[in-house]
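Residue numbers (the numbering used here): 2 to 161. To start, the structure under review is shown below, and the notes come after it.
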Ligand SMILES: [Zn+2]
């Protein structure tokens with residue numbers, strides 16, 4: 002069996018490649034593999050719409066529909082989202098240049114993502130189909146402690 006180093010691969014989409022490079026180094030290869038194999042095996046062009054999100058960005062999102070105008074978009078405060086550690090990303094299928102948010106392919110996409118070890122937001126009570134994450138068995142409260150006590154490599158918490 003040959004193994005592909007997905008880190009060195011490029012996806013169909015330079016925007017996704019760039020966003021994958023914002024993710025925690027421990028999940029970059031898997032995220033790349035997800036996008037590459039979705040296209041090759043399923044014929045589905047996925048774009049990464051969001052990767053690492055700073056705590057400030059998370060606070061801005063959390064305030065939407067609360068202290069700021071708009072609809073509520075998240076229940077996670079700063080430090081409570083795996084995006085804040087580069088351990089989560091969102092995807093959407095791009096077809097004829099358009100993002101397909103209401104998509105009959107979500108289950109196929111999820112099956113591939115989950116086979117790579119990602120947890121899917123579509124399985125949650127507050128369904129979040131574009132969302133995939135890897136927790137490494139670490140709760141976000143522990144990640145927040147690591148983060149705030151400075152146990153980091155650059156922007157990323159050290160995962161053992
Ligand atoms: Zn997400």
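Using N, Cα and C, we set each Cβ at its ideal position, and we do this for glycine too. All values reported here derive from a predicted model rather than from experimental measurement.
**Study point:** Check: residue 124 C-beta below 7 angstroms from any heavy atom of ligand 1
**Key:** no
Exercise for review: Could you have a look at residue 120 and say whether DSSP puts it in helix, strand or coil?
Suggested key: strand
Point to revise | Beta-carbon proximity check, residue 1 vs residue 46, cutoff 8 angstroms | key: With the chain represented from 2 up to 161, any question about residue 1 goes unanswered, as that position is not in the structure.
Review point. Which residues in the same chain have their Cβ closer than 7 angstroms to the Cβ of residue 30, if we skip the five residues on either side of it in sequence?
Key: 7 and 8
Review point. Any heavy atom of ligand 1 closer than 7 angstroms to the CB of residue 17?
Key: no
**Study point:** Beta-carbon gap between residue 80 and residue 157 smaller than 8 angstroms
**Key:** no
Check your understanding: How would you label residue 130, buried or exposed, when you count the other beta carbons within 10 angstroms and need 16 or more for buried?
Key -> buried
Practice item. Under 8 angstroms by Cβ, that's how I've got residue 75 and residue 82 pegged, so tell me the actual separation to the nearest angstrom. Key: 7 angstroms
Review point. In whole angstroms, what is the alpha-carbon distance linking residue 127 and residue 61?
Key: 20 angstroms
Exercise for review: Go through its chain and collect everything with a Cβ distance to residue 28's Cβ below 7 angstroms, but skip five positions before and after it.
Suggested key: 88 and 135
Review point. Which first and last residues belong to the alpha helix (DSSP H) in which residue 17 is found?
Key: 15-21
Review point. Alpha helix (DSSP H) containing residue 38: first to last residue?
Key: 26-43
Point to revise | Element boundaries [beta strand (DSSP E), containing residue 89] | key: 89-96
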